[in-house]
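One point on numbering: in my numbering, the residue at position 85 of the sequence shown is 67, and numbering is uninterrupted.
Taking it in order: structure first as structure tokens, then the write-up.
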Amino acid sequence: MTRKDPSGGLVISPIRNGTVIDHITAGEALNVLRILGITGSTPECLSIATNVKSKRMGKKDIVKIENRELRTEEVDRIALLAPQAKINIIRDYQVVEKKGVEIPEILKGVVRCPNPGCITNTNEPVESTFEVLDKGLHCLYCDWLIKDDIANHII
């Protein structure tokens, strides 16, 4: 439910239970939804705000997901797109847990290797494994380095 703010804007109602992902890198909210598997045909009730003013970031995105708490592997995926994101768990309209995201040193089964010759892209039962470096993501099987457009490689 939304209501009018006296200043002329819209105010998004709080959620009873679920997750609020705050401080998402501006413009990445829809990618966050995609990597969480949330589409227009999934049952979640969502609120999405993009390019909201932020003192700390200049601009940010915010996503509210009702009746869903994120798993650790989902938070790891979000960290790749939004390393400053904050995850707020809401129960009975109260924030019961608030935590930042951390990019793990090793990512298993989170990123698809773009190298078609990589063993992880064959029919072998091998899970992709990437080392997180300052210059990008390094595949530990074929040495491929992903430097750009990481969002399109997240599984």
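Every residue gets a Cβ at the ideal spot worked out from N, C-alpha and C, and that includes glycine.
Under 9 Å between C-beta atoms of residue i and residue j
i: V93; j: L119; result: yes
i: E109; j: E87; result: no
i: K41; j: N33; result: yes
i: H5; j: Q76; result: no
i: I30; j: A11; result: yes
i: C124; j: N105; result: no
i: C95; j: H135; result: yes
i: L89; j: D58; result: yes
Residue i versus residue j - alpha carbon distance
i: C121; j: G91; result: 11 Å
i: K81; j: T7; result: 16 Å
i: T(-16); j: R50; result: Interpretation of T(-16) is limited by its pLDDT of 48, a score under 50 that renders its predicted location unreliable; no figure is taken from the coordinates.
i: K(-14); j: I(-6); result: Residue placement at K(-14) cannot be trusted, given a pLDDT of 49 that sits under 50; the coordinates are not used to answer.
i: K35; j: G22; result: 26 Å
i: G19; j: N103; result: 21 Å
i: G9; j: A133; result: 12 Å
i: K68; j: W126; result: 30 Å
i: R73; j: L28; result: 16 Å
i: V83; j: M39; result: 16 Å
i: L115; j: P107; result: 25 Å
Distance between beta carbons of residue j and residue i, contact taken as under 8 Å
i: I85; j: E79; result: Going by Cβ atoms, the distance from I85 to E79 rounds to 20 Å, so no, they are not a contact pair.
i: G0; j: E48; result: 4 Å
i: I17; j: I44; result: Incorrect: roughly 16 Å between the Cβ atoms, too far for contact.
Reference residue i; option with closest CA among the options
i: E26; options: D116, S36, I(-3); result: I(-3)
i: L52; options: P107, T7, V14; result: V14
i: K117; options: I128, T111, K37; result: I128
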